[in-house]
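Student:
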Amino acid sequence: MRMIGLSHIERFFPLAKAKFFYVLRDIDIDIQEGEFVSIMGPSGAGKSSLLHILGMHDHGWSGEYFLGDTAVHHLKAKERATLRNEQIGFVFQQYHLLDDLTVYENLEIPLSYRKVNKSERAAIVADTLDRFQIVGKKDLYPSQLSGGQQQLVGVARAIISNPKLLLADEPTGNLHSSQGEEIMDLFKRLNAEGTTIVQVTHSEKNAAYGNRIIQLRDGWIVEPHNLNH
Amino acid sequence: MLSEIKVALRGLVKTPGFAAIAIATLALAIGANTSVFSLINALLVRPLPYQQPSKLVLIWERFAAQGLDRIPVSPPEYLDLENQFHGCTNIAAFNYETFNLGGGDFPERISGAVVSAALFPLLGVEPIKGRTFAREEQGEGHDDVIVISERLWKRRFNSDPLLVGKSLLLNGRSYTVIGVMPAKFEFPIPLFGVQGNQFAERVDIWKPIAFTPVELKERGSRSYGLIARLRPEVSAATAQAELDTIISNWIRAYPDNYRGGGFGAKVYPFQDQVVGGMRTGLAILLGAVVFVLLIACANLATMLLARASARERELAIRVALGAGPWRLLRQMLTESVLLALTGAGAGIVLSIWGLDLLKRISARTVPRLAEVNVDLEVLVITAIVAVGTGILFGLIPALSSAKPELTEALKEGGRGSTTGARRNLLRNSLVVAEIALALVLLVGAGLLLKSYTRLQNIDPGFDRRSVLTAEIHLSETKYPAPANADYRGGEAMINFWSEALRRVRQLPGVEAAGCTIVLPLSGSNSDSSFAIEGRTLDPNEPGPDEELRVITPDYFKVLKTQLLRGRFFADSDNAEAAQVAIINDALARKYWPNEDAIGKRITFDDPRKDPKWLTIVGIVRSVRHRGLDVEPQPEYYIPVAQRAESSMILAVRSTQDPRSLTSAVRREIQSIDPDQPIANVRTLDAVTADSIAPRRMSVVLLGVFAVIALVLAAVGIFGVISYLVLQRTHEIGVRMALGAQRADVLRLVVGHALKLVGVGTAIGLVLAFFSTRALAVLLYNVGAFDVATFAIVTVVLAATALLASYIPALRATKADPMIALSHNA
Chain A
1 MRMIGLSHIE RFFPLAKAKF FYVLRDIDID IQEGEFVSIM GPSGAGKSSL LHILGMHDHG
61 WSGEYFLGDT AVHHLKAKER ATLRNEQIGF VFQQYHLLDD LTVYENLEIP LSYRKVNKSE
121 RAAIVADTLD RFQIVGKKDL YPSQLSGGQQ QLVGVARAII SNPKLLLADE PTGNLHSSQG
181 EEIMDLFKRL NAEGTTIVQV THSEKNAAYG NRIIQLRDGW IVEPHNLNH
Chain B
1001 MLSEIKVALR GLVKTPGFAA IAIATLALAI GANTSVFSLI NALLVRPLPY QQPSKLVLIW
1061 ERFAAQGLDR IPVSPPEYLD LENQFHGCTN IAAFNYETFN LGGGDFPERI SGAVVSAALF
1121 PLLGVEPIKG RTFAREEQGE GHDDVIVISE RLWKRRFNSD PLLVGKSLLL NGRSYTVIGV
1181 MPAKFEFPIP LFGVQGNQFA ERVDIWKPIA FTPVELKERG SRSYGLIARL RPEVSAATAQ
1241 AELDTIISNW IRAYPDNYRG GGFGAKVYPF QDQVVGGMRT GLAILLGAVV FVLLIACANL
1301 ATMLLARASA RERELAIRVA LGAGPWRLLR QMLTESVLLA LTGAGAGIVL SIWGLDLLKR
1361 ISARTVPRLA EVNVDLEVLV ITAIVAVGTG ILFGLIPALS SAKPELTEAL KEGGRGSTTG
1421 ARRNLLRNSL VVAEIALALV LLVGAGLLLK SYTRLQNIDP GFDRRSVLTA EIHLSETKYP
1481 APANADYRGG EAMINFWSEA LRRVRQLPGV EAAGCTIVLP LSGSNSDSSF AIEGRTLDPN
1541 EPGPDEELRV ITPDYFKVLK TQLLRGRFFA DSDNAEAAQV AIINDALARK YWPNEDAIGK
1601 RITFDDPRKD PKWLTIVGIV RSVRHRGLDV EPQPEYYIPV AQRAESSMIL AVRSTQDPRS
1661 LTSAVRREIQ SIDPDQPIAN VRTLDAVTAD SIAPRRMSVV LLGVFAVIAL VLAAVGIFGV
1721 ISYLVLQRTH EIGVRMALGA QRADVLRLVV GHALKLVGVG TAIGLVLAFF STRALAVLLY
1781 NVGAFDVATF AIVTVVLAAT ALLASYIPAL RATKADPMIA LSHNA
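Here the protein sequences line up with chains A and B, keeping their order.
First residue of the first sequence? That's 1 in the numbering used here, and the numbers climb one at a time after it.
First residue of the second sequence? That's 1001 in the numbering used here, and the numbers climb one at a time after it.
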């Protein structure tokens, strides 16, 4: 079943003298449920911009965007936010953990924003800590963790509310290679369990974890191709 | 909610500098508000400590044609009203009295009052021991009973449980204590703007009224205050209408006593009389502290805006994780309300200290000030203000951050969002508002200070330096009152004053000594009507009634009052000599504008019935008696040797610190009479200072608030310019790399501050122009638009603001261009 359908997606910024700068041009993409897609391309190609459109962080685009059967392009900003909360998890290159919250509280916060009651939150967070084997770190603050551990927590936070779609923007960009491998192995496992993953990456090695690569250059899709595993 | 509080606390603990400045700012602002709320609550809002105080009224008379307003009533008039005024359930008369309390280790002068038996039931306060007066105890020969205050009972009698029923010696006469009134009971309360004892001390002894036969005959001898309780169904307006009818009847029945027209009586709500005069001053103070609070809010809003910029990433993450705008708002407002409540707690402590200090300085001269405290009502209002303040200063930064631009904030190397420009505009606007409000406060304080300084420097017509004063009240038993109604006789009194002055003059350091019945600027007054020889009394015109001073010959020497014509009194102006008087130039101008008043004669008697004439022998320069800001009134002086008085104020001019004479003076007085205390010892400087104490309180308070506002505005400017320098570090680096010198960087930064100060000052001047009109009633000899004050204040504020911006500007010039260039723009 189709998870994501993009049709004629364009993103531009106005410049002086009625000119425009196009970040994305005529993007058409279909992503099926359970796929693990990597978006690659040189700097400035529009990869992160595309990911932020998929994650509904950016609303200044034109075209059609279907998430499942839902026509996102017809939704208002508040409706998109609700849909995002229900269906999408996001992993950031800089982890973006909240520095004033412990690991436990960082994991809990997306559930609290989704009005999950306290006892249920406690149960879910406990399960997630266990699943990611970070129970012993639950009372530590992000500043007390290594980069890899922080990203691990970032991934745990992204999937804690069971999203159907996981978006990752250069998830290993700030990590050592061994830490990066751990994260990518984790992604592989999540994908095997049924989570659809779309990642932005510069790394061929990371892209190889997925089953499809979409190449972007100057805002255009150049050549999507499948990786046979 | 608990998690928001936890996160907010953690955030504040992580930034102790910011938290400390914010809490200190709030403590000052909310503390100032709490203090003024306490003042307003105690002085204006809290009802007087009597039963149903809204039904209590005072009744004062007036002689409009003679410019006499709010004057007391005479005993016959009181008795008539008791019978005729049906709109009241009770009506009681009262007058101040002083008592020399004998016995014990030392005699003591105690403030007291003579009151009708109806007074205590009228006020509805029960004694804590014993009883109050019965009606039969009112009247000569039956009035040997007293009620004392709990304060006196504890202080002087160690709360003796058996005191009720015991006798005390007052003014040489024995009185039985029949009751003790509770500590909270106070009557009469010092009343502003009413002829009589403006700064009377708290009363500790009450004695029943006992009108003498002379008093009962003299319808025109007015010295008693009247208080009444209106019937529940009777309004003040209805009571006034009935009173007007009664007065009309009196005028018809006793034409000789109400000559000249314009006589009337008015009903005054009691609470209004006690503190009504303070309403304007308190309203101005309330306005001032609200300004201070707004400035503090603006300050905190700018600090939180800067903080919000730094938290943009965190807020974007929260939104990306699912937080709605309301959750973000709640998070940020929790922090600001928490800051406000902590600041309020510190502010309440500051307020308690401040009010204590204020009470110590001004309790003597501001009615009910001793009752002011931070009570539950004030705490509740403070808590509401704190929460409201927290929301107010937190709202702008919270709203500006509630919908962060996610893409910019979340991207790698994201420089923050385009909301930066909007926040800068908000910050600059808030600082401009702070400067404008601070200017208004400073102008107000400046005007009051100028007015107060002018008042202090007024020449009152006498030299107030180096003079000690002390009240002496002779007991009627040892020093019997003159037998005649005209005050002649009373040799015992006259001899006492003469001997007292003789002894005091011999003390080392004494330059001159004299006595008077009222001191200038003391709040007390005395007047009497008289007739002028050769001028026929027109039945339709009021006779002369001017302020009377009974003095000893050297009194003018003590005060260094200037003699304009004629002579001063001498020792030879005694009871056997011809009666004499001295007048001031105001009285001379009023009654003998085109002739020499020396040699003219006046009398207190009916000039048609063999009067005793007083010859005017001297004209002195007028002194300011009613107030430094009140033009001198006509006054005339009579020697005590020709008009005996039992209560006088001793005034002693000294070559050294006059206070050093206190013990010696007391010793000399008690060497004449061991049972004779002296009381209310103070220098004439202190008397003068007390007369303007309420103004002083306004000046001090407004001045303090204005300084707080100035400091807050300076902190605001400092914060904004510091942040500007931080934001423009990269730009400054580029400029320096391109050749900008230190002066160019200073100009860039200070120039920005100048723009903010300029706009703020311009707006502030316009606001000040409109708002200082409210101050006009408090100003003396200073216009509400005094150009000099406006100019000085503007310069001071601008200079302070520029100084505050100079420090971060200087920091900017020291930046290393290479470091600055690598700073994220």
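Where a beta carbon is used, it is the ideal one built from N, C-alpha and C, also for glycine.
Using 8 Å for Cβ pairs, my map puts R1109 of chain B next to A1679 of chain B. What's the rounded Cβ distance?
Tutor: 3 Å
Student: In this structure, how does DSSP classify T1453 of chain B when only helix, strand and coil are distinguished?
Tutor: Helix, per DSSP.
Student: What separation, rounded to the nearest whole angstrom, lies between the Cα atoms of V1214 of chain B and L1369 of chain B?
Tutor: 39 Å
Student: Grab me the residues of K1560 of chain B's own chain with a C-beta within less than 7 Å of its C-beta, minus the 5 sequence neighbours each way, in chain order.
Tutor: F1462, D1463
Student: Less than 6 Å between C-beta atoms, sequence neighbours within five positions excluded: which residues of the same chain meet that for E64 of chain A?
Tutor: S7, H73
Student: Using the Cα positions of F20 of chain A and P14 of chain A, report the straight-line distance between them to the nearest angstrom.
Tutor: 4 Å
Student: For the region 12–23 of chain A, which residues have a CB atom closer than 9 Å to at least one CB atom of chain B, in sequence order?
Tutor: Close to chain B, meaning a Cβ-Cβ distance shorter than 9 Å, is no residue of the region 12–23 of chain A at all.
Student: Anything in chain A within Cβ reach of G1343 of chain B, meaning under 8 Å, just list it in chain order.
Tutor: Within 8 Å Cβ-Cβ: nothing; G1343 of chain B doesn't reach chain A, min ~21 Å.
Student: What number of angstroms, rounded off, separates the C-alpha of A1776 of chain B from the C-alpha of A1064 of chain B?
Tutor: Spanning the two alpha carbons is a distance of roughly 26 Å.
Student: How would you call V1036 of chain B, buried or exposed, if buried means at least 16 neighbouring beta carbons within 10 angstroms?
Tutor: buried
Student: Between which two residues does the alpha helix (DSSP H) containing M40 of chain A stretch?
Tutor: M40 of chain A -> not in any alpha helix (DSSP H); beta strand (DSSP E) instead, spanning 36–40.
Student: Determine the chain A residues that contact V1007 of chain B at a beta-carbon separation under 9 Å, and present them in chain order.
Tutor: L98, D100, L101, E105
Student: On the CB-based measure, 16 or more other CB atoms within 10 Å of its CB, does N1083 of chain B come out buried or exposed?
Tutor: exposed
Student: Would you kindly report the start and end of the unbroken beta strand (DSSP E) that includes I124 of chain A?
Tutor: Looking at the DSSP string, I124 of chain A is not in any beta strand (DSSP E); the run it does join, the alpha helix (DSSP H), is 118–131.
Student: Could you tell me which chain B residues have their CB closer than 9 Å to the CB of F132 of chain A, listed as they occur along the chain?
Tutor: Within 9 Å Cβ-Cβ: nothing; F132 of chain A doesn't reach chain B, min ~17 Å.
Student: Less than 8 Å between C-beta atoms, sequence neighbours within five positions excluded: which residues of the same chain meet that for A1581 of chain B?
Tutor: Closer than 8 Å at the Cβ level, and outside the excluded window around A1581 of chain B, lie I1602, L1614, T1615, I1616, V1617, Y1636, Y1637, I1638.
Student: What in chain B is Cβ-close to R114 of chain A, meaning under 9 Å?
Tutor: G1322
Student: So which residues of chain B does H202 of chain A contact, with C-beta pairs closer than 7 Å?
Tutor: Within chain B, no residue comes near H202 of chain A; the closest Cβ sits about 12 Å away, beyond 7 Å.
Student: Give the single residue among B:E1137, B:K1450, B:I1458 whose Cα lies nearest to the Cα of F1785 of chain B.
Tutor: Answer by Cα proximity: B:K1450.
Student: Let me know the secondary structure DSSP gives F1099 of chain B once reduced to three states.
Tutor: strand
Student: Can you tell me which residues form a DSSP beta bridge with T1603 of chain B?
Tutor: B:A1531, B:W1613
Student: For a test of the three-state rule: what should DSSP assign to W220 of chain A, helix, strand or coil?
Tutor: strand
Student: Could you tell me which residues DSSP puts in a beta bridge with A1651 of chain B?
Tutor: B:T1469, B:G1514
Student: Buried or exposed: where does N106 of chain A fall if 16 or more other Cβ atoms within 10 Å of its Cβ makes it buried?
Tutor: buried
Student: Along chain A, which residues have their Cβ under 9 Å away from the Cβ of E1314 of chain B?
Tutor: H96, L98, D99, D100
Student: Determine whether the beta carbon atoms of L1628 of chain B and I1792 of chain B lie at a separation below 8 Å.
Tutor: With respect to the 8 Å criterion, L1628 of chain B and I1792 of chain B are not classified as neighbours on the basis of their beta carbons.
Student: Got a sec, what are the start and stop residues for the alpha helix (DSSP H) F1828 of chain B sits in?
Tutor: Nothing about residue 1828 of chain B can be reported from this structure: the residues present for chain B run from 1001 to 1825 only.
Student: Tell me which residue opens and which closes the beta strand (DSSP E) that N1083 of chain B is part of.
Tutor: Unbroken run through N1083 of chain B is the alpha helix (DSSP H), 1075–1084; no beta strand (DSSP E).
Student: Is there a C-beta anywhere in chain B that falls below 8 Å from the one on I27 of chain A?
Tutor: no
Student: Using 8 Å as the threshold, is the region 1115–1128 of chain B in touch with the region 1689–1696 of chain B, meaning 3 or more CB pairs across them?
Tutor: no
Student: With the cut-off set at 8 Å, would you say V200 of chain A and I39 of chain A are in Cβ contact?
Tutor: yes
Student: In this structure, what does DSSP give as the bridge partners for M1181 of chain B?
Tutor: B:S1149
Student: Under the rule that 16 or more other beta-carbon atoms within 10 Å means buried, what is V1380 of chain B, buried or exposed?
Tutor: Looking at its Cβ environment, which holds fewer than 16 other Cβ atoms inside 10 Å, V1380 of chain B is exposed.
Student: For D169 of chain A and S48 of chain A, which I take to be in contact (beta-carbon distance under 8 Å), what is that distance rounded to the nearest angstrom?
Tutor: 6 Å between Cβ atoms; contact.
Student: With W1250 of chain B as the anchor, note down where its alpha helix (DSSP H) starts and where it stops.
Tutor: 1236–1253
Student: Have a look at S1529 of chain B and E1645 of chain B and give me their C-alpha separation to the nearest angstrom.
Tutor: 18 Å
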